[in-house]
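Per the numbering used here, the very first residue in the sequence shown carries number 2; after that it's consecutive.
Ideal placement from N, C-alpha and C gives every residue a C-beta, glycine not left out.
These figures come from a predicted structure and were not determined experimentally.
Input: a single structure, listed below in structure tokens.
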Amino acid sequence: MAEDEQRDVVKEKPRILSGGDSKFVSPRTVALYGVLTALTAAITYMTVIPFPPTRGYFNLGEAMVFFSAFTFGWRAGAICGGVGSAAADLLAGFGMFAPTTLVAKGAEGLVAGTIGRMKGGKPWAYALGIICGGACMITTYFLSEWLLLDFGLGAAIAEIPTNIAQVTIGGAVGTLLSHYVKQSMPSLGR
């Protein structure tokens, strides 16, 4: 191999999910997503409040979904929200919800991160991100509990107010955390 070809091989990086125009993600980003995913799982797991009608639970892990999405973008929101929340379901003994949670929280983080960072993260964009992302999560759980998990229409409807409260509290906490972290570390707001 010629010396120029060897240098080109060394410069190549593995192809992994990434953000922006780049086709690569740095080890720092992988580590960040790992930490955010673990924090999402831990906070969700530590704040489990059971909801008997659907055998699900209320939690404050929602704050980490919105924090990840608003601070680091839609990919972080989707990956950390979906995987971290589904991991918490498995750890807390709610494994039947894990596939639905992966989709519901992943979609919530993706939508919230996409909308919330519009126009440089204006307050109205965060609010719209919480509303639209939360609507994705609530709708996914409703349909899953009613049609897939067969809890019945009544139980699925009964959980809607709990999910609205979870989105409202988690959205407020996640937005405030994101705001203060980005204020203290301006490079994160990019």
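Worksheet item: How big is the Cα-Cα spacing for Gly134 and Met186?
Response: As a first step, residue 134 must be located in the sequence shown, where it is residue number 133. As a first step, residue 186 must be located in the sequence shown, where it is residue number 185. When rounded, the distance between both Cα atoms is 25 Å.
Worksheet item: In terms of alpha-carbon separation, which member of Met138, Thr115, Thr163 and Ile158 lies closest to Phe73?
Response: Indexing the sequence shown from 1 puts residue 73 at position 72. Distances from the CA of Phe73 to each of Met138, Thr115, Thr163 and Ile158 were compared; the closest alpha carbon is that of Thr115.
Worksheet item: Cβ of Ala39 within 8 Å of Cβ of Gly96?
Response: Reading the sequence shown from its first residue, position 38 is the one you call residue 39. Reading the sequence shown from its first residue, position 95 is the one you call residue 96. Between Ala39 and Gly96, the CB-CB gap reaches or exceeds 8 Å.
Worksheet entry | Ala32 versus Val182: straight-line alpha-carbon distance, rounded | Within the sequence shown, the letter at position 31 stands for residue 32. Within the sequence shown, the letter at position 181 stands for residue 182. The straight-line gap separating the alpha-carbon atoms of Ala32 and Val182 is approximately 18 Å.
Worksheet item: Any idea if Ala87 is buried or exposed, counting beta-carbon neighbours within 10 angstroms, 16 or more meaning buried?
Response: Along the sequence shown, one-based indexing puts residue 87 at 86. Classification for Ala87: buried.
Discussion item. Judging by CA-CA distance, which residue of Pro53, Gly83, Gly117 and Ala64 is the nearest neighbour of Thr102?
Written reply: For this step, residue 102 is matched to residue 101 along the sequence shown. Among Pro53, Gly83, Gly117 and Ala64, the Cα nearest to that of Thr102 is on Gly83.
Item to complete: Check each candidate in Ser27, Gly175 and Ala99 and name the one with the smallest Cα separation from Ala128.
Response: As a working mapping, residue 128 is identified with position 127 in the sequence shown. Answer by Cα proximity: Gly175.
Item to complete: Put Gly74 into one of helix, strand or coil per three-state DSSP.
Response: Taking the sequence shown and counting its residues from 1, the one referred to as residue 74 is at position 73. Gly74 falls in the coil class under three-state DSSP.
Fill in: As assigned by DSSP and simplified to three states, the class of Pro54
Residue 54 sits at position 53 when you count from the first residue of the sequence shown. Here Pro54 sits in coil by DSSP.
Fill in: Limits of the unbroken alpha helix (DSSP H) element including Val26
Sequence index remark: in the sequence shown, residue 26 carries index 25 (1-based). From DSSP, Val26 is part of no alpha helix (DSSP H); its letter is neither H nor E.
Item to complete: Can you tell me which of Ser179, Pro162 and Leu178 puts its alpha carbon nearest to the alpha carbon of Pro54?
Response: Your numbering for residue 54 matches position 53 in the sequence shown. The residue with the shortest Cα to Cα distance from Pro54 is Pro162.
Item to complete: Per DSSP, which residues does Phe95 bridge with? Please list them.
Response: Counting from one through the sequence shown, the residue named residue 95 turns up at place 94. Phe95 is not bridged to any residue.
Discussion item. Going by DSSP in three states, Phe59 sits in which element: helix, strand or coil?
Written reply: Taking the first residue of the sequence shown as 1, we reach residue 59 at position 58. In this structure, Phe59 counts as strand in the three-state DSSP scheme.
Worksheet item: Buried or exposed: where does Gln184 fall if 16 or more other Cβ atoms within 10 Å of its Cβ makes it buried?
Response: For this step, residue 184 is matched to residue 183 along the sequence shown. Label assigned to Gln184: exposed.
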